[in-house]
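In our numbering, the protein residues as written are 2 to 235. Quick reminder that beta carbons are idealized off the backbone N, C-alpha and C, glycines included. Here the structure comes first, spelled out in structure tokens, and everything after it is commentary.
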């Protein structure tokens, strides 16, 4: 894999960065995304953050091979600790679990003062990130769901703004889980993902009901989620 063969998932992430972006790519994995963005946009600049020495060195090699050392700074460090407060205008965190991305944003919240856009691509549990944006005053402005190499990915884009705007208060929990924009678009990948999830939940619910332990709370939770999925899918 190299910059010219960037995965569809990362190309979509790149599409959500404005022209002339100055962004941090956290967990940059060879700096493919910053290199791709800077090669396609002569005004873009980036910080590529890596927590481990090996990927850090690979990222520097990739940046040098494209002659981008003066526009991409590769830094070794944990999460958003690699940037100064107010230094960058956009943040990208892609290819990790939702809770880990949330922790990165949480621990680096003091670095987000000038950040006008956050683009995240969680491999699991996008709900935890929608909730974080909602509680921190970031407005969800776009979502995308796609399938690549047998995996389904969600991309969420948030900006400072009215965190309540994309949600209806009566269906908040449902929309935090399934995604307010994705629920409206209901594309094939969305249908596929949640039909599989519905089947799984129905099977698990049957098992819980047959167990001897009293699990009323769990049963209620599963029944609610199954009902939501049936409403959205039908």
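- Query: To which residues of the same chain is residue 9 closer than 8 Å at the C-beta, ignoring the five residues directly before and after it?
  - Reply: 147, 149
- Strand pairing of residue 23, partner residues [DSSP]: 46
- Query: alpha helix (DSSP H) containing residue 217: first to last residue?
  - Reply: 217-234
- Measure from the alpha carbon of residue 131 to the alpha carbon of each residue in 41, 115, 167, then state which is nearest. 167
- Beta-carbon contacts of residue 100 that lie in its chain and below 7 Å, excluding the five residues immediately before and after: 126, 129
- Message: Is there a C-beta anywhere in chain C that falls below 8 Å from the one on residue 200?
- Response: Included in the structure is just one protein chain, with no chain C present.
- Query: How many angstroms separate the CA atom of residue 187 from the CA atom of residue 68?
  - Reply: 42 Å
- Message: Would residue 159 and residue 142 be called neighbours here (beta carbons separated by less than 8 Å)?
- Response: yes
- Could you pull the start and end residues of the beta strand (DSSP E) that residue 164 belongs to? Element bounds for residue 164: n/a, residue is neither H nor E.
- With DSSP as the reference, please indicate the residues paired to residue 157 in a beta bridge. 121, 144
- Query: Using the rule of at least 16 other Cβ atoms within 10 Å of the residue's Cβ for burial, across every protein chain shown, is residue 56 buried or exposed?
  - Reply: buried
- Message: Buried or exposed for residue 122, going by 16 or more other Cβ atoms inside 10 Å?
- Response: buried
- Item | Helix, strand or coil at residue 70 according to DSSP, with G and I counted as helix | coil
- Query: Touching or not, the region 106-120 and the region 87-94, by the rule of three or more beta carbon pairs under 8 Å?
  - Reply: yes
- Message: If contact is defined by three or more beta carbon pairs under 8 Å, each pair taking one atom from either stretch, is the region 206-219 in contact with the region 165-185?
- Response: no
- So who's on the other strand from residue 97, going by DSSP bridges? 123
- Query: Sorted by chain position, which residues of the same chain lie with C-beta nearer than 8 Å to residue 152's C-beta, five sequence neighbours on each side aside?
  - Reply: 124
- Task: Thinking residue 156 and residue 46 are a contact (beta carbons under 8 Å), I'd like their distance in whole angstroms, please.
- Result: Residue 156 to residue 46, Cβ: 22 Å. No contact.
- Considering residue 208, what are the terminal residues of the alpha helix (DSSP H) in which it resides? 189-211
- Query: In three-state terms, what does DSSP make of residue 247?
  - Reply: For the chain, the structure presents residues 2 to 235; residue 247 sits outside this window and is missing.
- Query: What separation, rounded to the nearest whole angstrom, lies between the Cα atoms of residue 175 and residue 229?
  - Reply: 7 Å
- Task: Closer than 7 Å by C-beta to residue 134: which residues in its own chain qualify, once you throw out the five before and the five after it? Chain order, please.
- Result: 141, 159, 164
- Query: When the Cα atoms are used, what is the spatial distance from residue 179 to residue 154?
  - Reply: 13 Å
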